[in-house]
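Residue numbering for the sequence shown follows this note's numbering, starting at 618 and increasing by one per position.
Here a beta-carbon is modelled for each residue, glycine too, at the ideal position from N, C-alpha and C.
Below is one structure, written out as structure tokens; the observations come after it.
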Amino acid sequence: MNLSEPRVVKPGSAAEVARTIIDARKDHEPVFVMSSGKKHRHWRGPAGGDGLVVDMSAMARVVRLDRRNRAALVEPGVTFGTFSRALEGKGLRANTPLAPRASKSVLASALEREPVIMPRYHWDMVDPLMSIEVVLGTGDLFRAGSGAGPGSLQEQWASGQAQKSPMGPSQFDPVRLVQGSQGTMGVVTWASIRVEQAPARTDYLLSGSEDLATLCSLVQRLSWRRLGEECLILNSGALGSLLETDPANAAALANSLPPWVLLLGLAGFAWRPDERVAYQRAEAVEIARALGLSAAPSLGGLSADRVGRAAGATSAEPYWKDRALGDSDEVFFLATLDRAAPLISVARDKAAEAGYPSEQAGAYVQPLVGGRAAHVEVMFPHEPGKAPLNGTSRSLSRALLDAGAFFSRPYGDWADLVWERDPRMKRAVEKIKGIFDPDGIMSPGNLGIPFHEYGEAPRTTGRRSRKARD
């Protein structure tokens, strides 16, 4: 056995997950979770090979699809590639992130609160996650949301329930404590995910501008009128990478487009689909014209349908963010739409100070919660193995915090920066973790909470002692 490598287990059921956590707790062995068998871009595993990796990819069932209630119950190993095919057969579709990897876990994406491309159906930051089953750091199995009962899942289904609500049991709302916790509270073994009816007809419009702020104003007005399905903004460089796998073709496409491009999807469903698309198109065009913009089925020779299909499909390899130079770092945060443009300027300016060519940076603005907030992301393509910002990423993130960016998903160094500004919230998170994971074995280091803050220090010989005992 190579002791420099972490031990990996692949449970096949919630009971096996619980036994694994209980055993790890006895050995005081750090536990890290992977959902699809492939590492998340911000996944943090065992340091120096010490610890246990729970690979959930063997639990890969789409347990139930409910068209009437627009709900799907999935296990952690279900990927977007598998999920989209399953939904198509039922006349449904998922509210996905922008062109996710085909191998990306649907459940993990929802737990990490990755932004989805249809803000119309994003009512709350929890969406599209609903109910969950989780094995806590104590080894206890717990169900949260309406899936908590009363009754088993089968009994709930028989009575017409579909695990649609993330709230409960009672007045307790633990889904919000587990979501976004980066694996520090427990291991989720299934989740119900909100899905949507597949449209009978979909048209797409593109609107380009030299000014991001103007496009953000357009999004605000469209959202207020509740127009459209997919709605997002990309700069020309990021859009080129989304559509073209070859870097030269991507650069040529980017050069033919305005600096900023808005995609708007218009959908018609079973009843009068053509009329629904027509009135939405007329209103969208009118709103754009009032801002001095156009909204049309093509832009500079680029078909809006091509952009819409790419946005809602899984990404071909190489992953679209990595196509320009082979790898990419990103900084992302929440803001209101009116703050997106100035915050992106802050990120670009700080990157330029570090010697990064600002014209290479990609940018993505995704409206959320019906347009009332936005995910703002700046991407820094670079060659594999190179640090694009020359070690200044922390100062860039600090500058964004100073300018009003809200890091709601604080990975790595971002957690320390966030807790510096709100130590009371860190203490609250630590208290919650002390209840759900009293020995601190779950994903130590994530959320800026090291292993040693709970119980004794980690045993570097945990696996050796287990082997000797067995």
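- Message: Please tell me whether, using a cut-off of 7 Å, the distance from the CB of residue 950 to the nearest non-hydrogen atom of the ligand HEM is below it.
- Response: The ligand HEM is not part of the structure shown, which contains no ligands of any sort.
- Query: Anyone know if the C-beta pair for residue 836 and residue 714 falls short of 8 Å?
  - Reply: Taking the first residue of the sequence shown as position 1, residue 836 is located at position 219. Taking the first residue of the sequence shown as position 1, residue 714 is located at position 97. Not a contact, by the Cβ cut-off of 8 Å.
- Can you list the alpha helix (DSSP H) stretches of 4 or more residues lying completely in the segment 999-1049, in chain order? If we require 4 residues or more, the alpha helix (DSSP H) runs fully inside the segment 999-1049 come out as 1010-1019 and 1030-1038.
- Just the Cα atoms here: how many angstroms apart are residue 858 and residue 937? Numbered from its first residue, the sequence shown carries residue 858 at position 241. Numbered from its first residue, the sequence shown carries residue 937 at position 320. Their backbone Cα atoms lie some 6 Å apart in a straight line.
- Bridge partners - residue 1063, DSSP secondary structure assignment: One-based indexing of the sequence shown puts residue 1063 at position 446. Note: residue 1063 is not bridge-paired with any residue in the DSSP secondary-structure output.
- Start and end residues, beta strand (DSSP E) containing residue 804: Here residue 804 corresponds to residue number 187 of the sequence shown, with the count starting at 1. Its beta strand (DSSP E) spans residues 803-814.
- Is residue 821 helix, strand or coil when you go by DSSP? Taking the sequence shown and counting its residues from 1, the one referred to as residue 821 is at position 204. Three-state DSSP puts residue 821 in a strand.
- Straight-line gap, residue 636 to residue 726 (C-alpha atoms, nearest Å): For the purposes of this step, residue 636 is taken as residue 19 along the sequence shown, with counting starting at 1. For the purposes of this step, residue 726 is taken as residue 109 along the sequence shown, with counting starting at 1. C-alpha separation (whole angstroms): 25 Å.
- Task: Find the nearest neighbour of residue 752 within the set 690, 712, 843 and 802, judged by alpha-carbon distance.
- Result: Residue mapping note: residue 752 aligns to position 135 of the sequence shown, counting from 1. Nearest option by C-alpha distance: 802.
- So which of 961, 1030, 871 and 1028 has the shortest CA-CA distance to residue 1021? Stepping through the sequence shown from its first residue, residue 1021 is reached at position 404. Looking only at 961, 1030, 871 and 1028, the smallest Cα-Cα distance to residue 1021 is reached by 961.
- Item | Proximal residues to residue 1065 (C-beta, below 6 Å), its chain only, five neighbours per side dropped | Along the sequence shown, read from residue 1 onward, the residue named residue 1065 stands at position 448. Closer than 6 Å at the Cβ level, and outside the excluded window around residue 1065, lie 1032, 1033 and 1036.
- Best match in 675, 766 and 907 for proximity to residue 633 [C-alpha to C-alpha]: Within the sequence shown, numbered from 1, the residue matching residue 633 stands at position 16. The candidate whose alpha carbon is nearest that of residue 633 is 675.
- Message: Checking 8 Å against the spacing of the C-beta atoms, do residue 822 and residue 883 come in under that value?
- Response: Here the question's residue 822 lines up with position 205 in the sequence shown. Here the question's residue 883 lines up with position 266 in the sequence shown. Contact flag set, yes.
- Message: From the DSSP secondary-structure annotation, give me the bridge partner or partners of residue 882.
- Response: Walking along the sequence shown from the start, residue 882 turns up at place 265. DSSP output for residue 882 lists 821 as bridge partner(s).
- Task: Give the C-beta separation of residue 914 and residue 905 to the nearest angstrom, bearing in mind that I take them to be a contact with Cβ-Cβ under 8 Å.
- Result: Translated into the one-based positions of the sequence shown, residue 914 becomes position 297. Translated into the one-based positions of the sequence shown, residue 905 becomes position 288. Taking C-beta atoms under 8 Å as the contact rule, residue 914 and residue 905 fail to qualify, at a distance of about 13 Å.
- Message: What does the Cβ neighbour count give for residue 1063, buried or exposed, with the cut at 16 atoms within 10 Å?
- Response: Counting from 1 along the sequence shown, the entry for residue 1063 is found at position 446. The residue is buried, with at least 16 neighbouring Cβ atoms inside 10 Å.
- Query: Taking the alpha helix (DSSP H) that residue 749 falls in, what are its first and last residues?
  - Reply: Mapped onto the sequence shown, residue 749 falls at position 132. Run containing residue 749: none in the alpha helix (DSSP H); it sits in the beta strand (DSSP E), 746-753.
- Query: Going by Cα to Cα distance, which pick from 706, 689, 872 and 650 is closest to residue 712?
  - Reply: For the purposes of this step, residue 712 is identified with residue 95 of the sequence shown, where counting begins at 1. Per the Cα distances, 689.
- residue 905, enclosing alpha helix (DSSP H) - first and last residue: Numbered from its first residue, the sequence shown carries residue 905 at position 288. Taken as a continuous stretch (DSSP letters only), the alpha helix (DSSP H) holding residue 905 covers 890-907.
- Message: residue 815 and residue 709 - do their beta-carbons sit closer together than 8 Å?
- Response: Within the sequence shown, residue 709 is the residue found at index 92, counting from 1. Within the sequence shown, residue 815 is the residue found at index 198, counting from 1. The Cβ atoms of residue 709 and residue 815 sit closer than 8 Å to each other.
- Message: Distance check for residue 784 and residue 794, CA to CA, integer angstroms please.
- Response: Here residue 794 corresponds to residue number 177 of the sequence shown, with the count starting at 1. Here residue 784 corresponds to residue number 167 of the sequence shown, with the count starting at 1. Cα-Cα distance, rounded: 11 Å.
- Give every residue of the same chain whose Cβ lies closer than 8 Å to the Cβ of residue 797, excluding the five residues on either side of it in the sequence, and list them in chain order. By 1-based counting over the sequence shown, the position of residue 797 is 180. Within the same chain, residue 797 has close Cβ partners 728, 729, 730, 1025 and 1026.
- Item | As assigned by DSSP and simplified to three states, the class of residue 683 | One-based indexing of the sequence shown puts residue 683 at position 66. Correct three-state label for residue 683: strand.
- Message: Let me check understanding here. Comparing Cα to Cα, which of 973, 923 and 880 lies closest to residue 902?
- Response: As a working note, residue 902 is residue 285 in the sequence shown. For residue 902, the nearest C-alpha among the options comes from 880.
- Query: Just how far apart, CA to CA, sit residue 813 and residue 934?
  - Reply: Here residue 813 is taken as the residue at index 196 of the sequence shown, counted from 1. Here residue 934 is taken as the residue at index 317 of the sequence shown, counted from 1. Looking at the two C-alpha atoms, the distance is approximately 27 Å.
- Does the segment 754-761 come close enough to the segment 733-742 that 3 or more CB-CB pairs lie under 8 Å? Taking a cut-off of 8 Å on C-beta distances, the segment 733-742 does not touch the segment 754-761, as fewer than three cross pairs fall below it.
- Distance between beta carbons of residue 947 and residue 1000, contact taken as under 8 Å: Here residue 1000 refers to the residue found at position 383 of the sequence shown. Here residue 947 refers to the residue found at position 330 of the sequence shown. With 8 Å as the limit, residue 1000 and residue 947 do not qualify as a contact, their Cβ atoms being about 16 Å apart.
- residue 848 versus 786, 928, 806 and 722, residue with shortest Cα-Cα distance: For the purposes of this step, residue 848 is identified with residue 231 of the sequence shown, where counting begins at 1. Residue 848 has its Cα closest to that of 928, out of 786, 928, 806 and 722.
- Considering residue 712, what are the terminal residues of the alpha helix (DSSP H) in which it resides? In the sequence shown, residue 712 corresponds to position 95, counting from 1. Judged by DSSP secondary structure, residue 712 falls outside any alpha helix (DSSP H); it is assigned neither H nor E.
- Query: By Cβ distance below 7 Å, which residues in the same chain neighbour residue 840 in space, the five residues on each side in sequence not counted?
  - Reply: Within the sequence shown, residue 840 is the residue found at index 223, counting from 1. 736, 984, 987 and 988, listed in sequence order.
- Terminal residues of the continuous alpha helix (DSSP H) containing residue 792? For the purposes of this step, residue 792 is taken as the residue at position 175 of the sequence shown. Per DSSP, the continuous alpha helix (DSSP H) segment holding residue 792 begins and ends at 792-795.
- Query: Terminal residues of the continuous beta strand (DSSP E) containing residue 759?
  - Reply: Counted from its first residue, the sequence shown places residue 759 at position 142. That run of the beta strand (DSSP E) goes 758-761.
- Are the CB atoms of residue 1091 and residue 867 nearer to each other than 8 Å? Given a span of 618 to 1087 for the chain in the structure shown, any question on residue 1091 remains unanswerable.
- Could you pull the start and end residues of the alpha helix (DSSP H) that residue 726 belongs to? Taking the sequence shown and counting its residues from 1, the one referred to as residue 726 is at position 109. DSSP places residue 726 in the uninterrupted alpha helix (DSSP H) bounded by 723-728.
- Item | residue 799 burial status per 10 Å Cβ neighbour count (16 or more: buried) | For the purposes of this step, residue 799 is identified with residue 182 of the sequence shown, where counting begins at 1. By the neighbour-count criterion, in which a residue is buried when 16 or more other Cβ atoms sit within 10 angstroms of its Cβ, residue 799 is buried.
- Task: Assign residue 1012 to buried or exposed, taking buried as 16 or more other Cβ atoms, counted over all protein chains shown, within 10 Å of its Cβ.
- Result: Numbered from 1 along the sequence shown, position 395 holds the residue referred to as residue 1012. It is exposed - the Cβ of residue 1012 has fewer than 16 other Cβ atoms within 10 Å.
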